[in-house]
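Okay, structure first, notes after.
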DNA sequence: ATTGAGACCTGTCGGC
DNA sequence: TGCCGACAGGTCTCAA
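In my numbering, the protein residues as written are -9 to 251.
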């Protein structure tokens, strides 16, 4: 959704000016960040996992990650406020402002042809909505994994771009316990069990619904199935269980112990 | 090679 | 009201 909203004002537009209002986010901005952007045209704005990628006319690519608290907004004038760390003045007339209170976000520049070797991108698993991601791919990636399903799905090498919320949601739809060993969705030789089919389908469903919801104002009030609903009633038909919260890998997991096995 | 714990930051919320 | 701990949609590094 972020890519989609920025595309009209950034794609085929030039950076007229770039304000960098502090020396770093989670990591320092790259050398000569401003100089390497100003004057460049954004040839394409794409996404890989949770990274937003702007392909530049210079042969470099601008990588952007929102971290936990990052966001972009589009303004007509740049009245920068607290935590507005980067301001892009585009030739489209739009001013794109990156705001990030916790500064877990990242911005970096890399030669476009080197992109496949970029450390954060190199080992990423398949995009969950692509045809390459299916029960077979998921089972292969989980084969032999002693860790839990919850932790496995958060591992960006297994599937790229799932976050803490959607992992809980997908496991609930698939009726699989977050504590269950990841390897149990595959046979010893790495072939998909029925649970792997359910889980890969649930992941696609959750993301598709999220996209629909973002695009469709009517759906927007729809609440999560389990995330942030500790103590509330499970919505699965004829379940009636109570949503529980527990910590896995230092992050909250929400699930229904009655219908998730 | 995997896996878990801790680190990085600031803001918000609930309890006392 | 003020203070304090717990927690927040992510990723990296380090050590076992």
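A virtual CB, placed ideally from N, CA and C, is assigned to each residue, including glycine.
Spatial neighbours of residue i in its chain, beta-carbon cut-off 7 Å, leaving aside the 5 residues before and after
{"i": "residue 113", "result": "147"}
{"i": "residue 107", "result": "none"}
{"i": "residue 24", "result": "8, 10"}
{"i": "residue 125", "result": "182, 186, 187, 190"}
{"i": "residue 16", "result": "57, 93, 94, 95, 96"}
{"i": "residue -4", "result": "35, 62, 86"}
{"i": "residue 197", "result": "118, 119, 156"}
Opposing strand residues paired with residue i [DSSP bridges]
{"i": "residue 182", "result": "176"}
{"i": "residue 50", "result": "101"}
{"i": "residue 108", "result": "Looking at the DSSP assignment, residue 108 forms no beta bridge with any residue, so it has no partner."}
{"i": "residue 14", "result": "18"}
{"i": "residue 62", "result": "88"}
{"i": "residue 195", "result": "Answer is none; residue 195 lacks a bridge partner."}
{"i": "residue 55", "result": "41, 96"}
{"i": "residue 218", "result": "Partner(s): none; residue 218 has no beta bridge."}
{"i": "residue 79", "result": "7, 85"}
Extent of the continuous alpha helix (DSSP H) run through residue i
{"i": "residue 154", "result": "154 to 163"}
{"i": "residue -3", "result": "-8 to 0"}
{"i": "residue 141", "result": "139 to 144"}
{"i": "residue 24", "result": "23 to 27"}
{"i": "residue 223", "result": "Here residue 223 belongs to no alpha helix (DSSP H), and DSSP marks it neither H nor E."}
Cβ-based neighbour list, residue i, same chain, cut-off 8 Å, excluding 5 preceding and 5 following
{"i": "residue 140", "result": "157, 158, 161, 168, 169, 238, 239, 243"}
{"i": "residue 51", "result": "43, 44, 45, 99, 100, 101, 102, 105"}
Run of the beta strand (DSSP E) containing residue i, from where it starts to where it stops
{"i": "residue 35", "result": "32 to 38"}
{"i": "residue 235", "result": "234 to 238"}
{"i": "residue 241", "result": "241 to 245"}
Same chain only: Cβ atoms within 6 Å of residue i, ignoring 5 sequence neighbours per side
{"i": "residue 152", "result": "143"}
{"i": "residue 235", "result": "220, 242, 244"}
{"i": "residue 226", "result": "249"}
Check whether residue i and residue j have beta carbons under 7 Å apart
{"i": "residue 91", "j": "residue 59", "result": "yes"}
{"i": "residue 135", "j": "residue 179", "result": "no"}
{"i": "residue 118", "j": "residue 193", "result": "yes"}
{"i": "residue 204", "j": "residue -9", "result": "yes"}
{"i": "residue 3", "j": "residue 82", "result": "yes"}
{"i": "residue 1", "j": "residue 28", "result": "no"}
- the stretch 105 to 121 in contact with the stretch 68 to 82 per 3-pair CB rule at 8 Å: The stretch 105 to 121 vs the stretch 68 to 82: no contact.
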